[in-house]
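Peer 1:
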Amino acid sequence: MIEILELTDLPKARETGAVVAGILQAMKSRATVGTNLLDIDRWTQAMIAEAGATSCYVDYAPSFGRGPFGHYICTSVNDAVLHGRPYDYTLADGDLLSLDLAVEKAGVVADSAISFIVGDARPAADLALIDVTERALQAGIAAAGPGARVGDLSYAIGTVLSDAGYQINTEFGGHGVGSTMHQDPHVSNTGRPGRGYTLRPGLLLALEPWIMADTAKLVTDADGWTLRSATGCRTAHTEHTIAITPDGAEIMTLPRT
1479 MIEILELTDL PKARETGAVV AGILQAMKSR ATVGTNLLDI DRWTQAMIAE
1529 AGATSCYVDY APSFGRGPFG HYICTSVNDA VLHGRPYDYT LADGDLLSLD
1579 LAVEKAGVVA DSAISFIVGD ARPAADLALI DVTERALQAG IAAAGPGARV
1629 GDLSYAIGTV LSDAGYQINT EFGGHGVGST MHQDPHVSNT GRPGRGYTLR
1679 PGLLLALEPW IMADTAKLVT DADGWTLRSA TGCRTAHTEH TIAITPDGAE
1729 IMTLPRT
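For the sequence shown, the residue numbers in this note's numbering are 1479 to 1735.
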């Protein structure tokens, strides 16, 4: 299903996006050396409730997972890159943490992810991973607008990732959002320009470049959810929800200033 919102609904998308962005920034500030992933999950649950929003994850049970996700935020550490299920783990100096969050409020979903390094250690290779996903996301957003094709966004994202020397996995990528979290169209992290669905005002897309340092192959944890690099290498993941507008594209998941 591809859902097109009325332009009058975009304020709702901005409000939901601000909730997501605010929670992610709060969790980033709290994710210090010694913080437990389960505490991040509990804090997220409380902030979602305080905002009058609803989790898109806790009861989420797609075909690729093992039963309901059962938690409120994805916490992917080091070699984990997607769908990291919170567990009893204490963050250490130099851990590369990716947080992914989707909530619904007022009938509209927003989805976003950030990657950052915990503590004082700042390995250059890890910083490079994060930087390239952020640059790829900005390239995808810049390519978006009414009349653009999904393939244009995929090509823009993939060009940044491949030019930086990273392999690209196409099993998971961006997607449409609206009243539910995962909708069509699928937005691969690489593709051919001029192909695919034509973007229209009112379409919401979650764009999410993610990479692994030296592989494109994923393995799944015993929890049935957490996806890791097959080689144990570091990973990074960055995501924004954008709205296609008559004039271009607007990022919905920016923190309020």
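Backbone N, C-alpha and C define an ideal beta-carbon position, used for all residues, glycine too.
Taking all protein chains shown into account, do 16 or more other C-beta atoms lie within 10 angstroms of the C-beta of K1583, making it buried, or fewer, making it exposed?
Peer 2: One-based indexing of the sequence shown puts residue 1583 at position 105. Its Cβ being crowded by 16 or more others within 10 Å, K1583 is buried.
Peer 1: Throw me the rounded Cβ distance for the I1480 and G1623 pair, which I believe falls under 8 Å.
Peer 2: The sequence position of residue 1480 within the sequence shown is 2, counting from 1. The sequence position of residue 1623 within the sequence shown is 145, counting from 1. Not quite, the Cβ-Cβ distance comes to about 17 Å (not below 8 Å), so this is no contact.
Peer 1: Any contact between the segment 1703-1722 and the segment 1609-1617? By contact I mean 3 or more CB pairs, one from each, below 8 Å.
Peer 2: Touching, yes.
Peer 1: How do the segment 1617-1635 and the segment 1585-1599 stand: do at least 3 beta-carbon pairs fall below 8 Å, yes or no?
Peer 2: Contact fails: fewer than three Cβ-Cβ distances are below 8 Å.
Peer 1: Within 10 angstroms of its Cβ, does L1575 collect 16 or more other Cβ (buried), or is it exposed?
Peer 2: Here residue 1575 corresponds to residue number 97 of the sequence shown, with the count starting at 1. Burial call: buried.
Peer 1: Between I1722 and V1536, what straight-line distance do the alpha-carbon atoms span, to the nearest angstrom?
Peer 2: For this step, residue 1722 is matched to residue 244 along the sequence shown. For this step, residue 1536 is matched to residue 58 along the sequence shown. Spanning the two alpha carbons is a distance of roughly 28 Å.
Peer 1: For P1601, is the classification buried or exposed, using 16 other Cβ atoms within 10 angstroms of its Cβ as the cut-off for buried?
Peer 2: For the purposes of this step, residue 1601 is taken as the residue at position 123 of the sequence shown. Burial call: exposed.
Peer 1: Within a Cβ cutoff of 6 Å, which residues of the same chain sit near V1628, ignoring the five residues on either side of it in sequence?
Peer 2: The sequence position of residue 1628 within the sequence shown is 150, counting from 1. Hits under 6 Å: P1663, V1665, G1674 and Y1675.
Peer 1: Taking just the CA atoms, how far does R1678 sit from E1484?
Peer 2: Here the question's residue 1484 lines up with position 6 in the sequence shown. Here the question's residue 1678 lines up with position 200 in the sequence shown. Cα-Cα distance, rounded: 11 Å.
Peer 1: Can you check whether the C-beta of E1484 is within less than 8 Å of a C-beta belonging to chain C?
Peer 2: Here chain C cannot be found, since the structure has a single protein chain.
Peer 1: Is it buried or exposed, E1686, if we count other Cβ atoms within 10 angstroms and call 16 or more buried?
Peer 2: The residue you call residue 1686 lines up with position 208 of the sequence shown. Buried, because 16 or more other Cβ atoms sit within 10 Å of the Cβ of E1686.
Peer 1: Give the single residue among T1698, N1667, W1703 and D1589 whose Cα lies nearest to the Cα of G1545.
Peer 2: If you number the sequence shown from 1, residue 1545 lands on position 67. Checking every option, the nearest Cα to that of G1545 belongs to W1703.
Peer 1: By DSSP, does D1589 sit in helix, in strand, or in coil?
Peer 2: Numbered from 1 along the sequence shown, position 111 holds the residue referred to as residue 1589. It is a strand residue.
Peer 1: At which residues does the alpha helix (DSSP H) containing S1507 begin and terminate?
Peer 2: Position 29 of the sequence shown, counting from 1, holds the residue named residue 1507. That run of the alpha helix (DSSP H) goes L1488 to R1508.
Peer 1: Nearest-angstrom Cα distance between S1491 and N1556?
Peer 2: In the sequence shown, the residue the question calls residue 1491 occupies position 13. In the sequence shown, the residue the question calls residue 1556 occupies position 78. The question names Ser, but residue 1491 is Ala in the sequence shown. Going by the C-alpha atoms only, they are around 31 Å apart.
Peer 1: Enumerate, from N- to C-terminal direction, the unbroken alpha helix (DSSP H) stretches of 4 or more residues contained entirely within the segment 1666-1705.
Peer 2: Listed in chain order, nothing qualifies, since the segment 1666-1705 has no complete alpha helix (DSSP H) run of 4 or more residues.
Peer 1: How about D1566 and V1511: do their beta carbons lie closer than 8 Å?
Peer 2: What you label residue 1566 is simply residue 88 of the sequence shown in a count that begins at 1. What you label residue 1511 is simply residue 33 of the sequence shown in a count that begins at 1. The answer is no: Cβ separation not under 8 Å.
Peer 1: Run through DSSP, which three-state label would R1734 get?
Peer 2: Translated into positions along the sequence shown, residue 1734 becomes position 256. The answer is coil: DSSP assigns R1734 none of H, G, I, E or B.
Peer 1: Applying the 10 Å Cβ sphere with the 16-neighbour rule, what's the burial state of T1494?
Peer 2: Position 16 of the sequence shown holds residue 1494. Buried.
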